[in-house]
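Peer 1: Residue numbers (the numbering used here): 3 to 304. All C-beta atoms in this analysis are idealised placements derived from N, C-alpha and C, irrespective of residue type, glycine included. Quick one: the structure is below, and I'll ask about it shortly.
Have a look at this one:
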């Protein structure tokens, strides 16, 4: 467990991730560094690691985490020199390793949203409070905010988001989309309370509203496009015996990973390490409720 400025983040499936890293791994790419929980664990457990490339698209979290890793490894220079941070998307892993002429022995993507995003109400991720509807992980390079989506997408585009990412039926998705347009025709939708009011008028309760917030976050950050990109390109830079590990929390993400891995395993170049996804033990769920929907899937390069 790590605490940063009173923000606590617990790495999910920590032991399971560490157990599935190849024993003699030299090159690791961590596409979702977060607060470095998995990173520090892997660096400590596997002395064979030569380079640990840590990626995180969020500049705020990246600064905190690189400092945390520097502080933690300050008395361990052998560990410190192995870590190299990259404040960019995990979609850049393949290009980065190709440029360095490296192949990865282990690639990890933890697709869970960092708890800081919800606890830092100023960024609009949380249904709590009344903040600007931003919802971007990459506040430096991504021009698309949830506010822009709500005020510029047409009815069909909005309805598609809610059908695809919130799993609402066409009728309900269309109703929400029309209520959004009706509201913005009178007044721009700028804050989380504006959106909550619209969802309330649409007959959505608290839990259903959270799902709409999640769908807008997915659209804002191109999350599914990024995942498809990674599934296409990261397998190409795995070393022989290398493992691609992905932790998902959303049913759509898991379905995408499941079938992409299955398709790759049908070739002579890859195999599934487990037929079914690894899920948290009851004790972990009791300790960390956020882990309850986590699923770990693993693909091995032959």
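Under the assumption that residue 217 contacts residue 163 (Cβ atoms under 8 Å), give the Cβ distance between them as a whole number of angstroms.
Peer 2: So it is a contact: roughly 5 Å between Cβ atoms.
Peer 1: From residue 97 to residue 205, what does the alpha carbon distance come to, in whole angstroms?
Peer 2: Each residue's Cα considered, the two are about 46 Å apart.
Peer 1: Which term fits residue 175, buried or exposed, when burial requires 16 or more other beta carbons within 10 angstroms of its beta carbon?
Peer 2: Buried, by the Cβ-count rule.
Peer 1: When the distance is taken between beta carbons, is residue 126 closer than 7 Å to residue 118?
Peer 2: Going by C-beta atoms, residue 118 is not nearer than 7 Å to residue 126.
Peer 1: Whole angstroms are fine: how far does the CA of residue 64 sit from the CA of residue 116?
Peer 2: Roughly 12 Å between the two C-alpha positions.
Peer 1: For residue 275, which residues from the same chain have a beta carbon less than 8 Å from its beta carbon, with the 5 sequence-adjacent residues on both sides left out?
Peer 2: So the list reads 22, 245, 300, 301 and 302, once near-sequence residues are dropped.
Peer 1: Verify whether the separation of the beta carbon atoms of residue 250 and residue 113 is less than 7 Å.
Peer 2: A contact, by the Cβ cut-off of 7 Å.
Peer 1: Could you check what DSSP says for residue 170 in three-state terms: helix, strand or coil?
Peer 2: Coil.
Peer 1: With a threshold of 6 Å on Cβ separation, who are the neighbours of residue 71 within its own chain once the five nearest residues in sequence on each side are excluded?
Peer 2: Contacts found: 38 and 85.
Peer 1: Which residues does DSSP pair with residue 303 in a beta bridge?
Peer 2: Paired residues: 272.
Peer 1: Straight-line CA distance for residue 58 to residue 231?
Peer 2: Their backbone Cα atoms lie some 16 Å apart in a straight line.
Peer 1: Would residue 24 pass as a contact of residue 243 if the rule is Cβ separation under 7 Å?
Peer 2: In this structure, residue 243 lies closer than 7 Å to residue 24 by Cβ.
Peer 1: Check whether the Cβ atoms of residue 15 and residue 47 sit closer than 7 Å, and answer yes or no.
Peer 2: No, Cβ-Cβ distance for residue 15 and residue 47 is not below 7 Å.
Peer 1: Check this for me: beta carbons of residue 32 and residue 152, under 7 Å apart or not?
Peer 2: No. Outside cutoff.
Peer 1: Does the beta carbon of residue 187 sit closer than 7 Å to a beta carbon anywhere in chain B?
Peer 2: In the structure shown, chain B cannot be found, because there is only a single protein chain.
Peer 1: Would you identify the three-state DSSP class for residue 203, choosing helix, strand or coil?
Peer 2: Residue 203: helix per DSSP, three-state reduction.
Peer 1: Give me the Cα-Cα distance between residue 35 and residue 181, rounded to the nearest whole angstrom.
Peer 2: Roughly 38 Å between the two C-alpha positions.
Peer 1: Between 201, 124, 214 and 186, which lies nearest to residue 165 when the distance is taken from Cα to Cα?
Peer 2: If we check each option's Cα against that of residue 165, 214 comes out closest.
Peer 1: Straight-line CA distance for residue 172 to residue 201?
Peer 2: Taking the straight line from one Cα to the other gives about 16 Å.
Peer 1: For residue 282 and residue 12, I'd like the C-alpha separation in whole angstroms.
Peer 2: Using only the alpha carbons, I get a separation of about 13 Å.
Peer 1: Using the C-alpha atoms, what's the distance from residue 121 back to residue 9?
Peer 2: Because residue 9 sits at a pLDDT of 42, beneath the cut-off of 50, its placement in the model cannot be relied upon, and the following sentence gives the value as read from the coordinates. Rounded to the nearest angstrom, the two C-alpha atoms are 7 Å apart.
Peer 1: By DSSP, does residue 86 sit in helix, in strand, or in coil?
Peer 2: Of the three classes helix, strand and coil, the one that applies to residue 86 here is strand, per DSSP.
Peer 1: How close, in whole Å, do the beta carbons of residue 272 and residue 298 come, if the pair is a contact with beta carbons under 8 Å?
Peer 2: 17 Å between Cβ atoms; not a contact.
Peer 1: Compare the Cα-Cα distances from residue 225 to each of 292, 236 and 255 and report the closest residue.
Peer 2: For the residues 292, 236 and 255, the minimum Cα distance to residue 225 belongs to 255.
Peer 1: Tell me, which residues are paired with residue 57 by DSSP?
Peer 2: Residue 57 pairs with 88.
Peer 1: Can you name, in chain order, every residue of its own chain whose Cβ lies under 6 Å from the Cβ of residue 60, other than the five neighbours on each side?
Peer 2: The answer, listed in chain order, is 139.
Peer 1: Roughly how many angstroms lie between the CA atoms of residue 53 and residue 288, to the nearest whole one?
Peer 2: Taking the straight line from one Cα to the other gives about 34 Å.
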